[in-house]
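Only one structure is covered here, and it is reproduced in the block below.
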Amino acid sequence: MNSSTSLLFIFATIIVALAIVDAQCTSTAEYCWSCSNSTTNANTTYKQNLNTLLASLSSNNQTDYGFLNLSLGTGTNKVNVIAFCRGDLAQDQCRSCYGEANIILSQKCSNHYQAIIWALGCTVRYSIIITMFGIEEDKPVRLLASPNSASNPEYFKLVLNPLLETLTQNASSGDSMKKFAAGHAFVPAGSETNQTIFATTQCSPDLDEQNCSECLEDSIKDIPTCCEGTNGGRVLKPSCTLRYEKGIFYDPSADSLINISIATPPPTATPSPTATKGIGDFSFANLLFRTSKNDTQF
């Protein structure tokens, strides 16, 4: 078996072996991660290259826009890392998130050939795969829903979808360093106090406009699977993420008002007197990078 054939065999084995080896990610998790089943050992050149790259994330002087595309090594020892921060974060916040991500990946995915972590402020992934740059990747995916029901869910849905679609257009038209959009829209609530939906959409900046748009559009289609009728949710993929909540969770300077005009929705059935509502609140405004006992795998 020649060297190129051997290399392709190793890559194929790793792809086939990818599987979630950790527990379910919860709606209140500050960090969610996934590790491949394929592992190396601490003394390999690959592992040493990985440690070097991950350690460099928080000190890299190219994080002005929160996007890093790094590689180190050759052949089966080559490590590729793609990392991007939420588009509203300052440089020091971005570096802090990268530092926390490095710690968690080192603890939870030690010696794995491939892994990804989604933090509230950044996404970091690494792989032995030859090319990650510019490739849309939609697996693994994590769908997280708020435990709270939306008031007047029919109105909520009629506003949520066009809000996310508008933010998808805004994010996908970003440049090669940042593809991020944030905004809010008001939900008419009949005789009740109006609701507000705050949302963000983001792609890994190495994606082109079309792939970014497709990734986010597919993520919007995933919402009914997890989050129908709730007032908050997150869709997490390697190449893109979206999030919406009833309260603002990003820097107000990144906010914009998205005007959504909706028609009156059809009447909904009166809920049963025995129906129960979820408790808790899907809000992470004050939880950016803290590592805690609530850190949850997925």
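In terms of mature numbering (1 follows the signal peptide of the UniProt record, and there is no 0), the sequence shown is residues -23 to -1, 1 to 275.
A virtual CB, placed ideally from N, CA and C, is assigned to each residue, including glycine.
The structure presented is a predicted model; accordingly, all values stated were derived computationally and were not measured.
The segment 157 to 224 is shown to contain whole beta strand (DSSP E) runs of 3 or more residues at 172 to 180, 210 to 213, 217 to 222, in chain order. When rounded, the separation of the alpha-carbon atoms in Asn26 and Asn38 is 19 Å. Taken through DSSP and simplified to helix, strand or coil, Ile59 comes out as strand.
Tyr103 is bridged by DSSP to Val58, Ala92. Secondary structure within the segment 15 to 50: the beta strand (DSSP E) runs of 3 or more consecutive residues, fully enclosed, are 44 to 49 (chain order). For Tyr227, there is no enclosing beta strand (DSSP E), as DSSP marks it with neither H nor E.
The beta carbon of Ala19 lies closer than 7 Å to those of Asn88 in the same chain, with the five residues before and after it left out. The segment 149 to 158 and the segment 39 to 54 touch, with three or more beta-carbon pairs separated by less than 8 Å.
For the pair Ser216 and Pro117, the CB atoms are not nearer than the 7 Å cut-off. The count of Cβ pairs closer than 8 Å, one atom from the segment 103 to 113 and one from the segment 140 to 151, stays below three, leaving the stretches out of contact.
The beta carbons of Pro130 and Gly206 sit closer together than 7 Å. The closest CA to that of Leu137, considering only Phe61, Leu184, Ser196, Leu66, is found on Ser196. Here the alpha carbon of Ile81 sits roughly 16 Å from the alpha carbon of Phe61. The beta carbon of Ser4 sits closer than 7 Å to those of Leu121, Ala122, Ser123, Pro124, Phe259, all from its chain and outside the five residues before and after it, given in chain order. Rounded to whole angstroms, Asn28 and Gly50 show a C-alpha spacing of 12 Å. Straight through space, the alpha carbons of Thr21 and Ala176 are spaced by roughly 43 Å. Looking at the DSSP output, Cys9 sits in a beta bridge with Trp95. When the Cα atoms are used, Asp183 and Thr202 turn out to be separated by approximately 28 Å. In the three-state DSSP reduction, Ala122 falls in the strand class (E or B). Leu234 carries a strand assignment under DSSP once its states are collapsed to helix, strand and coil. Cβ-Cβ distances below 6 Å link Asn57 to Ser48, Ser104, Met109 in the same chain, with the five nearest sequence neighbours on each side left out; the list follows chain order.
Taking a contact as a CB-CB distance under 8 Å, the pair Arg63 and Gln179 counts as one, their CB atoms being some 7 Å apart.
When C-alpha distances from Val164 are compared across Cys2, Val101, Glu186, Tyr132, the shortest belongs to Tyr132. When the five nearest sequence neighbours on each side are left out, the beta carbons in the same chain lying within less than 7 Å of the beta carbon of Thr17 are those of Tyr23, Lys24, Asn88, Tyr90, in order along the chain. One alpha carbon belongs to Ser83, the other to Gly224, and they sit about 33 Å apart. Under the DSSP assignment, Ile239 falls outside any alpha helix (DSSP H); it carries neither an H nor an E label. Assignment of Ala148 by DSSP, reduced to helix, strand and coil, places it in the helix class.
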